[in-house]
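Protein chains: 2
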Amino acid sequence: MGRRQCRRGRPHRHEAQPRGHLRGDEGRVGSVQEVHLRRGGDEGRPGLLRAEPPPLDDRAAQQRAQVQAGARRRRGGHQPVRAEITGAAVLLITDGQVLAAGDAPPAPADVLVDGDRIVAVGPGLTAPPDATRLDATGKLVVPGLINAHTHAHNNLIKGVADSVTLEPFLNTGPAMYLGRTPEEQYLSALLGAVEMVKTGCTSAYDLFMALPSPSIESVEAVVRAYADAGVRALVAPAVADLLFYEWVPGLMDALPDDLRKEVERRRPASGPDILKVVREGLLRFHDTAGGRVRLAVAPTIPAQCTDDFLLASRRLADEFGVGLHTHLAESKVQALSGRRRYGRSLTRHLHDVGILGPCFTAAHAVWLDADDIALMADTGSSVAHNPASNMKVASGIAPVAEMLARGVNVALGTDGSGASDNQNMFEALRFAALLSKVRSPDYPGWLTAEQTLRMATTGGAHALGLGDRLGQVARTSTRSISARSTTRRDSSSSAKPVAGSRRCWWAAASSSRAAASSPSTRPS
Amino acid sequence: MGRRQCRRGRPHRHEAQPRGHLRGDEGRVGSVQEVHLRRGGDEGRPGLLRAEPPPLDDRAAQQRAQVQAGARRRRGGHQPVRAEITGAAVLLITDGQVLAAGDAPPAPADVLVDGDRIVAVGPGLTAPPDATRLDATGKLVVPGLINAHTHAHNNLIKGVADSVTLEPFLNTGPAMYLGRTPEEQYLSALLGAVEMVKTGCTSAYDLFMALPSPSIESVEAVVRAYADAGVRALVAPAVADLLFYEWVPGLMDALPDDLRKEVERRRPASGPDILKVVREGLLRFHDTAGGRVRLAVAPTIPAQCTDDFLLASRRLADEFGVGLHTHLAESKVQALSGRRRYGRSLTRHLHDVGILGPCFTAAHAVWLDADDIALMADTGSSVAHNPASNMKVASGIAPVAEMLARGVNVALGTDGSGASDNQNMFEALRFAALLSKVRSPDYPGWLTAEQTLRMATTGGAHALGLGDRLGQVARTSTRSISARSTTRRDSSSSAKPVAGSRRCWWAAASSSRAAASSPSTRPS
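From first to last, the protein sequence lines stand for chains X and R.
Heads up: take any position in the first sequence, counting from 1, add 13, and you land on the numbering used here.
Heads up: take any position in the second sequence, counting from 1, add 13, and you land on the numbering used here.
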């Protein structure tokens, strides 16, 4: 298979086919270039944009169909959750204050959605009688927030760690989630997805982990969870071909013989075998659920990977044209041990191996110097900033102001709930803005509410390779909208809707199912 | 009037009179020393503990009665909110997990409350048939959180400031709340009180501000708001006898003549006149609403007060045996300008003037050195730590670990919503714990979940002068309880219930009215 280009900055283009029944605002709809609505779903309703899947063998095709049908759960008498988007009809959101993007003041407007696309934003829009209507009076309609870094497997270990740094926390990983069943992986992922959508987040870049190594069933479980929850996701199995004990200098040597043997027994599969599973996942599940769930490649921590493994990961990502995501210099231990191992900074080493580039997202990036930041900017790489996690496991405060000044695309994440306690992107916004103000007295570098909102919207969209389609409430955007009360006690004044905001009253995800879960929405 | 001793550490003692009708747990009730239940209220139901008010003249007595009746609002056709506690009957909270105090693991227990007192905590408690019952299944029953530093007047200016330091923020005060009517003061205070009780906080130390100086009507308005909301409060009018422009070195000199004259016109009343109002407030409103609302004295920022004013404030607090509260070294500007003015640290200066002592609470205390911390500890003074505000207006990170290690009583506050966006004490817990971890790599000093909870409970109780009565779910504690879901998505595991907790499902304040506002409670 030939090398494909990363989607980032090279959007899929689809022929414009505005639906004829959108009345009253044809002028505004005008030259929508991205609307591609075609028949799909069992009921003949308009379906969602989806990329053509790669050819599959019979088993893979069957598995894929099962995910898309979402009609099974592995155990017990659970009612199946519907996985596939059923084909969203027209949705009209009326009378809200629309915060179109991070740097635009909110303005009264309606939002018209057809299928998975926003086709008009403006006052006085109309829709056909059978359209779903959502009254957003007293609410702020914001772009669906994008969680640019999380870990599905963490949602079952909330709150277990306190006052530990990253390395001891990671070292307890096997005790917390070694050998989970796919059902457990599914439930953990679903829990996080539900928390996200309930707090205004509609898209996630998820580096789920399965120990000792991911199986294709674990990949399927996480994909299925996001498909079921109605959240847009980039699912990247977090993989490594070295043991945790091998990259922290001196750690393996410090173990007594019996414990060293025990650790050896937990060795992950070989690098090629691991990437074979990731490759199978890409073949089976990439661009599934109407294109809403995609896959990416994530050699989790560079120091825990051989260079061969890093390079093979890069090639795999290139082959499928998908994203590449690693943790980068999250802790001082990582930064210093990397320098000791490579004789240069981790960022420089990743650059020399060929990891950096427009499809690359580095999580955390706390311990980057000016040269590292320049490398990130000049290669078009993205950073996923995780302020709450950086505080909780005491990693430090990332130089976000310097990154933004140098032109790095910075996105925002919660990180996994094991290291940050929750999946609330509104809290992440607040932590990002406030944390920047104790990092330095250099106030022009303090993150404003608008800057943090851009990180959580357009910054995240770019990191997910969907910068042309997500992150704004604007026509041609894929429908990912969230609405917040502007009148409730803990919302800010309308003059500054972002600064103090935290509570999300309902969130409309990128599927009609999630939108319909709001009490103020009726199913289409 | 002779000097009274501060209540702190010298609790009111009342004769034990356990109610005869508490069946099934008399053994546990046993030797409750603090229960004092006497008849009160219109309906002959058991009333609340209340200290005898000082003698009042006719007008003051009338005013006080009006507050206690709470039967009026100044304008319009509003329905009056009931101010007085109606006399709570017996309340039995069953089947919760009780987190009795900051350092105790949660355990299954019932909680029996009679009037305003917890009379028993343990499994299988019973109550008379007419008692109010509250099913706390799946909930964590925690002590009502105590907000040790807030500003009622800030609740109408949420979110207006972003990326400014403290001094520019304070300088905009007149533009934001000069000349507010008592009705506006009432509404602003009520808004904050409601937010607090909805987020698990049942007691507050409130330094409300009225510009140019407080009137007795503004004091009454804030007292009435807390009485109406059912929140326990220590209301301290924040006062100063110097202009903001007079204490920041060079600021007054830098103004052109016309602006200097404009500023002069905003000069507050004279020190004696201001303290006369505070004194009148103490006479009229201290220990009102069944002892639930009390007053304190707050020369707001030492640098904005003459030494004569500070000393007179101290004497006034001593005369009534009430608390004294100031901001202390919140910003670097305050700390440095204080050193320039006094030739020593602010803390040392306050000590020399006679401010420090067991009744004294210092808000913020960010810029304290080891000598200052020793002075605070050795005088038995308290600190109210406000992590979110210290981040938002970039004051810095207070040396809480050093204070705790030296034996300072540290409480927790939200600060006013103008500088911290909300009144959510669960968020304050989270900010306190996480912020400590980026202050220093010295991990033994990182605040644990248990330490922050102690700050927000027993630490706050001590700062409010109610260390013997609040801050724990234990018999002899005044009823101030909050319950949280232990099963909802954003709660932590039961092994560590505090670390990740944020959402409060209902809160029972110290009045029956507030408790009855919970959907799972029926009014007694």
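We put the beta carbon where it would ideally sit given N, CA and C, even for glycine.
The beta-carbon of leucine 448/X is placed less than 9 Å from the nearest beta-carbon of chain R. The C-alpha of leucine 442/X is placed about 22 Å away from the C-alpha of isoleucine 386/X. What tryptophan 380/X touches in chain R, judged by beta-carbon distance under 7 Å, is nothing: the nearest beta carbon there is about 13 Å away.
Around the CB of tyrosine 190/X, 16 or more other CB atoms lie within 10 Å, so the residue is classed as buried. In the displayed model, lysine 171/R falls within coil according to three-state DSSP, outside both helix and strand. The beta-carbon of serine 495/R is placed no less than 9 Å from the nearest beta-carbon of chain X.
Going by DSSP, valine 134/R is part of the beta strand (DSSP E) stretching over 130-135.
Contact with chain X is absent for tyrosine 190/R, since none of that chain's Cβ atoms lies less than 9 Å from the residue's Cβ.
Near chain R, meaning a CB-to-CB distance below 8 Å, no residue of the segment 108-123 of chain X qualifies. Listed in chain order, the non-local C-beta contacts of aspartate 434/R below 8 Å within the same chain comprise Lys171, Gly172, Ala401, Lys405, local neighbours out to five positions each way being set aside.
Ranked by how close their Cα comes to the Cα of aspartate 219/X, the residues Pro315/X, Val252/X, Gly151/X, Gly480/X have Val252/X in first place. Take the alpha-carbon of leucine 369/R and the one of leucine 479/X: they are about 59 Å apart. Counting the other CB atoms within 10 Å of its CB gives lysine 274/R a total below 16, which places it among the exposed residues.
Minimum Cα-Cα distance from lysine 345/X among the listed residues Lys152/X, Pro371/X, Ala407/X, Ala418/X corresponds to Ala407/X. Interface residue (Cβ-Cβ distance to chain R less than 9 Å): glycine 409/X is classified as such. Secondary structure of serine 358/X (DSSP, three-state): coil. When C-beta distances to chain R are compared with 9 Å, the residues of the segment 404-437 of chain X below that value are Met404, Lys405, Val406, Ala407, Ser408, Gly409, Ile410, Ser430, Ser433, Asp434, Asn435, Gln436, Asn437, in chain order. Relative to alanine 342/R, the option among Pro195/R, Gly137/R, Asn403/R, Thr139/R whose CA is nearest is Asn403/R. Nearest Cα to methionine 389/X within the set Ile410/X, Ser358/X, Asn399/X, Gly409/X: Ser358/X. Burial check for leucine 112/X: the Cβ neighbour count within 10 Å reaches 16 or more, so the residue is buried. In this structure, the alpha-carbon of glycine 351/R lies about 15 Å from that of alanine 375/R.
Our two residues, threonine 139/R and alanine 474/R, have alpha carbons roughly 29 Å apart in a direct line. For the segment 335-350 of chain X, the beta-carbon criterion of a distance under 9 Å to any beta-carbon of chain R is satisfied by Lys345.
The three-state secondary structure of alanine 165/R, taken from DSSP, is helix.
Judged by beta-carbon spacing, alanine 238/R lies within the 9 Å limit of leucine 203/R, meaning their Cβ atoms are closer than that value. Under the three-state reduction of DSSP, isoleucine 229/X is assigned to helix.
Taking a C-beta cut-off of 9 Å against chain X, the contacting residues of the segment 172-186 of chain R are Gly172, Val173, Ala174, Asp175, Ser176, Val177, Thr178, listed in chain order.
Below the 9 Å Cβ cutoff, chain R contributes Ser176, Val177, Thr178, Ala407 as neighbours of tyrosine 456/X, in chain order. Restricting attention to Gln485/X, Asp384/X, Lys152/X, the CA atom closest to the CA of histidine 364/X is found in Asp384/X. A straight line joining the alpha-carbon of proline 119/X with that of serine 493/X spans about 17 Å. Selection Gly135/R, Gly115/R, Ala117/R, Thr145/R evaluated against glycine 128/R yields Thr145/R as nearest (Cα-Cα).
Relative to the Cα of arginine 354/R, the nearest Cα in the group Leu477/R, Pro285/R, Ala133/R, Pro262/R belongs to Pro262/R. According to DSSP, glutamine 110/R shares a beta bridge with Pro121/R, Leu153/R. No Cβ of chain X is located within less than 9 Å of the beta carbon of valine 154/R. If you look at aspartate 384/X, you'll find it in the alpha helix (DSSP H) that goes 383-391.
In this structure, DSSP gives histidine 299/X a state outside helix and strand, which the three-state scheme calls coil.
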